[in-house]
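Worksheet: the structure to be examined is printed underneath.
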Amino acid sequence: MNTICQDRFYIGKWRKYKYPEQSRHLKNIEPEVVDALVKAVGNPQILKKTSHRYYKIKSEILGKKYLESWDRNAPLPDTKTKRNKME
1 MNTICQDRFY IGKWRKYKYP EQSRHLKNIE PEVVDALVKA VGNPQILKKT
51 SHRYYKIKSE ILGKKYLESW DRNAPLPDTK TKRNKME
């Protein structure tokens with residue numbers, strides 16, 4: 001962990017970032033927008049609810065009652081194709 005922190009410190013210094021978080025800001029996104037997103041999603045309670053909900057929906061789509069660890073990273077089926085066939 002110390003190595004990663006030190007690496008990020010020197011990269012920021014070489015690129016002349018004013019503060020460490022500046023590296024995650026894109027040219028077309030204001031820092032305030034990124035900070036608000038991190039604050040909202042970084043809340044452990046919200047993050048836990050969101051991930052639980054996502055994996056519940058994913059298990060339903062995959063037709064499984066319980067997702068194994070390898071299922072969590074499995075790609076979702078192409079739902080766009082299915083919707084087009086039904087229309």
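For the sequence shown, position 60 matches number 60 in our numbering, and the numbering has no gaps at all. Using N, Cα and C, we set each Cβ at its ideal position, and we do this for glycine too.
Checklist entry - I think K58 touches L67, with their Cβ atoms under 8 Å apart; what is that distance to the nearest whole Å? => result 7 Å
Checklist entry - Taking the C-alpha atoms as reference points, what is the distance between K18 and D35? => result 15 Å
Checklist entry - How is P75 classed by DSSP in three states: helix, strand or coil? => result coil
Item to check | S69 versus I29, Q22, Y55, residue with shortest Cα-Cα distance | outcome: Y55
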